[in-house]
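The first sequence runs 143 to 631 under my numbering. Beneath this line is the structure, given in structure tokens, with notes to follow.
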Amino acid sequence: MINSQVRVRFAPSPTGYLHVGGLRTALYNYLFARKNNGKFILRIEDTDRNRYVEGAVENLIAALHWAGLNYDEGPDIGGPFGPYMQSHRLEIYNRYAEELISQDKAYYCFCTPERLEALRQEQQRQKLPQAKYDKHCLHLSKSEIEENLLKGIPKVIRLNVELNQKIEFDDVIRDHVEFDSNNIDDQVLIKSDGYPTYHLANVVDDHLMQITHVIRGEEWLSSTPKHVLLYDAFGWERPVFAHLPLLLNPDRSKLSKRQGDVAVEDYRDKGYLKEALINFVALLGWNAGDDKEFYYMDELIEKFSLERVNKSGAVFDLQKLNWLNAEHLRKKSDEEILSLLKKELSNSEYKGQFYSDEKLLLIIHAMKERVNFVKDFIYNCRYFYEAPMEYEQKAIEKNWKEDTPQQLLRLKTEFENLVNPSKEDFEHALTKVAEELKIGKGKLIHPLRLAVSGQSTGPGMFDLLFILGKDEVIKRIESAIKNIKSVKA
RNA sequence: GGCGCGUUCGUCUAGUGGCUUAGGACGCCGCCCUCUCAAGGCGGAGAUCACGGGUUCGAAUCCCGUACGCGCUACCA
Numbered sequence: 143m144i145n146s147q148v149r150v151r152f153a154p155s156p157t158g159y160l161h162v163g164g165l166r167t168a169l170y171n172y173l174f175a176r177k178n179n180g181k182f183i184l185r186i187e188d189t190d191r192n193r194y195v196e197g198a199v200e201n202l203i204a205a206l207h208w209a210g211l212n213y214d215e216g217p218d219i220g221g222p223f224g225p226y227m228q229s230h231r232l233e234i235y236n237r238y239a240e241e242l243i244s245q246d247k248a249y250y251c252f253c254t255p256e257r258l259e260a261l262r263q264e265q266q267r268q269k270l271p272q273a274k275y276d277k278h279c280l281h282l283s284k285s286e287i288e289e290n291l292l293k294g295i296p297k298v299i300r301l302n303v304e305l306n307q308k309i310e311f312d313d314v315i316r317d318h319v320e321f322d323s324n325n326i327d328d329q330v331l332i333k334s335d336g337y338p339t340y341h342l343a344n345v346v347d348d349h350l351m352q353i354t355h356v357i358r359g360e361e362w363l364s365s366t367p368k369h370v371l372l373y374d375a376f377g378w379e380r381p382v383f384a385h386l387p388l389l390l391n392p393d394r395s396k397l398s399k400r401q402g403d404v405a406v407e408d409y410r411d412k413g414y415l416k417e418a419l420i421n422f423v424a425l426l427g428w429n430a431g432d433d434k435e436f437y438y439m440d441e442l443i444e445k446f447s448l449e450r451v452n453k454s455g456a457v458f459d460l461q462k463l464n465w466l467n468a469e470h471l472r473k474k475s476d477e478e479i480l481s482l483l484k485k486e487l488s489n490s491e492y493k494g495q496f497y498s499d500e501k502l503l504l505i506i507h508a509m510k511e512r513v514n515f516v517k518d519f520i521y522n523c524r525y526f527y528e529a530p531m532e533y534e535q536k537a538i539e540k541n542w543k544e545d546t547p548q549q550l551l552r553l554k555t556e557f558e559n560l561v562n563p564s565k566e567d568f569e570h571a572l573t574k575v576a577e578e579l580k581i582g583k584g585k586l587i588h589p590l591r592l593a594v595s596g597q598s599t600g601p602g603m604f605d606l607l608f609i610l611g612k613d614e615v616i617k618r619i620e621s622a623i624k625n626i627k628s629v630k631a
């Protein structure tokens with residue numbers, strides 16, 4: 143072990159999308175691998191034929207790539223220990239299961255689902271503390287087994303769990319954990335369709351792929367004794383185990399679809415930045431021990447350690463994610479945001495229109511401190527892209543008074559005299575009007591803002607006017623004056 | 001039911017026997033800045049550290065018990 147390289151894997155079953163809990167598991171594996179100059183492997187655990195979902199693997203891979211969790215070996219890129227899709231490794235599992243049988247550490251079981259069901263019911267009726275298979279087929283004679291096999295009676299292969307054994311293992315996160323083998327069922331290893339169960343496939347592959355650290359969700363803690371038994375039965379060295387705390391709904395149940403979005407794709411489509419999602423999810427169950435909350439991937443790699451992972455579940459709090467998203471967005475350069483904004487625009491109702499990079503950059507600069515998402519650069523300030531169709535009702539009542547049309551008219555003529563006005567020119571013009579009318583600048587700014595943007599909030603007045611440009615400003619003042627008359631009539 | 005794991009402000013968490021009148025962050029509230037909204041700055045409310053016993057001069061921190069929550073208990077992963 144001293145010289146062995148760290149090798150970890152993310153081993154999802156392809157359910158159709160990448161769960162955010164899965165994203166965090168993948169992230170911790172990734173961080174641990176990168177931190178230790180190890181390898182990060184993607185392995186698809188598709189051993190349940192009933193759960194086959196078209197395109198699921200492709201989705202999973204796309205989500206992982208989007209998040210920046212690039213693996214060193216995997217189904218699409220191969221590697222020295224492939225194939226990385228369990229459904230392509232069936233012979234391997236069967237070979238190892240047979241090996242166990244030859245050593246009496248596993249056995250064929252021909253029991254029908256009906257008998258199993260009846261057994262379960264009987265055990266329940268007797269209120270036995272634990273429902274387990276009764277090892278009926280363990281006691282079949284050699285000839286009976288031969289005969290059943292020859293007849294082609296459906297069979298499974300079960301692990302032969304010895305009674306009265308103490309099974310113990312160490313977990314980086316949970317410390318020492320102990321189980322009594324009397325509580326452990328003779329787990330099915332190979333199903334009647336010839337596919338392995340998770341337990342066998344997982345252990346065999348982790349060994350064959352030379353996985354050194356098994357970092358997975360806490361839901362696997364209870365099955366770890368079965369895995370430990372398998373490692374021991376094969377005479378293989380156990381990996382280091384690290385069982386991660388679960389991600390929870392606000393009501394503290396396991397994070398589920400019912401109570402919100404759980405797919406990484408959902409968050410991506412809602413406009414969350416991958417940097418923010420990664421940052422957020424990394425902090426759900428781990429921290430460096432200091433007050434730092436804002437991280438980029440390379441800093442996470444540098445600081446990460448399994449020892450500092452928490453034991454208890456963490457609620458997925460959208461408000462904090464939103465804050466992190468805004469933080470990450472603000473930290474981006476205007477040029478970086480520009481390309482994100484252009485992509486967003488090409489998917490918006492404004493996709494046919496042309497907006498120069500110059501103008502877009504001005505919008506970005508003006509709005510950067512006021513947005514949480516890239517799409518807010520469009521929908522929080524539509525007035526940059528089109529003249530207002532209507533005016534905020536509350537703001538009309540507050541800002542548009544009897545003398546507003548006159549004042550706007552006065553501003554309009556003043557603006558008309560400007561030649562290629564800068565932001566400052568607009569400001570001087572407005573100041574001049576305010577002085578002439580003997581009123582505060584605010585008295586002009588608020589009605590003007592409403593006239594020109596339809597809203598009562600936004601970036602600084604003169605930034606707004608400058609970005610819109612003289613001609614557009616004048617046009618909007620004119621139509622606002624008309625609207626005031628009809629509104630106030 | 002059985003087995004396992006967990007339990008510090010609403011949420012994410014710091015804390016590994018004295019530095020703690022339990023610190024930070026999100027959210028909330030207030031003030032400042034200010035043409036609005038943000039951002040930023042300052043401040044506030046918010047946790048008898050689940051509960052009960054021990055150990056100790058001293059416990060959120062160690063031990064035991066209880067409660068509650070979650071996970072597993074499939075030829076699902």
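From the three backbone atoms N, C-alpha and C, an ideal C-beta is built for every residue, glycine too.
{"query": "For the alpha helix (DSSP H) that contains F557, what are its first and last residues?", "result": "546-558"}
{"query": "Taking the continuous alpha helix (DSSP H) assigned at D476, which residues delimit it?", "result": "476-487"}
{"query": "For the beta strand (DSSP E) that I443 lies in, which residues bound it at each end?", "result": "Element bounds for I443: not the beta strand (DSSP E) but the alpha helix (DSSP H), 439-445."}
{"query": "Pick out whichever of L363, V298, E286, D246 has its Cα sitting closest to the Cα of P255.", "result": "V298"}
{"query": "For K627, name the three-state secondary structure that DSSP assigns.", "result": "helix"}
{"query": "When we look at the beta-carbon of H207 and count the other beta-carbons within 10 Å, is it buried (16 or more) or exposed?", "result": "exposed"}
{"query": "With 16 as the cutoff for other CB atoms within 10 Å, does Q329 come out buried or exposed?", "result": "buried"}
{"query": "Can we say the segment 453-469 touches the segment 187-201, given the rule of at least three CB pairs closer than 8 Å?", "result": "no"}
{"query": "Within its chain, find whatever has a CB closer than 6 Å to the CB of A343; leave out the 5 residues flanking it on each side and keep chain order.", "result": "T189, Q228, Y235"}
{"query": "Measure the C-alpha to C-alpha separation of R149 and L211 and round it to an integer number of angstroms.", "result": "15 Å"}
{"query": "Take T546 as the anchor and find which of L482, L504, K493, I619 has the nearest alpha-carbon.", "result": "I619"}
{"query": "In the structure shown, what three-state DSSP assignment does F608 receive?", "result": "helix"}
{"query": "Quick one, which of Y409, T366, G377 has its alpha-carbon nearest A384's?", "result": "T366"}
{"query": "Leaving out five residues on either side along the sequence, give the residues of the same chain with a beta carbon under 7 Å from the beta carbon of F321.", "result": "I309, P367"}
{"query": "Just to confirm my understanding: we take I626, look at its own chain, exclude 5 residues before and 5 after, and list those with CB closer than 7 Å. What are they?", "result": "W542, T546, P547"}
{"query": "Compute the Euclidean distance between the alpha carbons of K612 and V594, then round it to the nearest angstrom.", "result": "11 Å"}
{"query": "Using beta-carbon positions only, say whether L202 and V423 come within less than 8 Å of one another.", "result": "no"}
{"query": "Within 10 Å of its beta-carbon, does M531 have 16 or more other beta-carbons around it, so buried, or fewer, so exposed?", "result": "exposed"}
{"query": "How would you call F604, buried or exposed, if buried means at least 16 neighbouring beta carbons within 10 angstroms?", "result": "buried"}
{"query": "Out of E360, G294, K293, which has the shortest C-alpha to C-alpha gap to V314?", "result": "E360"}
{"query": "For S285 and E240, what's the separation of their Cα atoms in angstroms?", "result": "17 Å"}
{"query": "Is L301 helix, strand or coil by DSSP?", "result": "strand"}
{"query": "DSSP three-state call for A248: helix, strand or coil?", "result": "strand"}
{"query": "So F223 is in the alpha helix (DSSP H); what residue range does that whole segment cover?", "result": "Where F223 is concerned, there is no enclosing alpha helix (DSSP H), given that its DSSP letter is neither H nor E."}
{"query": "Buried or exposed, going by whether 16 or more other CB atoms sit within 10 Å of the CB of L350?", "result": "exposed"}
{"query": "Which residues in the same chain have their Cβ closer than 8 Å to the Cβ of S621, if we skip the five residues on either side of it in sequence?", "result": "A529"}
{"query": "Hey, would you say N525 sits closer than 8 Å to G596, going by beta carbons?", "result": "Here residue 525 turns out to be Tyr, not Asn, going by the sequence shown. In this structure, G596 lies closer than 8 Å to Y525 by Cβ."}
{"query": "What's the gap between the Cα of N325 and the Cα of K269?", "result": "15 Å"}
{"query": "Is R358 helix, strand or coil when you go by DSSP?", "result": "strand"}
{"query": "Buried or exposed: G600, going by 16 or more other Cβ atoms within 10 Å of its Cβ?", "result": "buried"}
{"query": "Going by C-alpha distance, which of Y194, I183, L184 is nearest G685?", "result": "The first residue shown for the chain is 143 and the last is 631, placing residue 685 beyond what the model contains."}
{"query": "Is the segment 507-520 close to the segment 486-498, with three or more CB pairs under 8 Å?", "result": "yes"}
{"query": "Where does L331 fall in DSSP's three states?", "result": "strand"}
{"query": "DSSP on P530, reduced to helix/strand/coil?", "result": "coil"}
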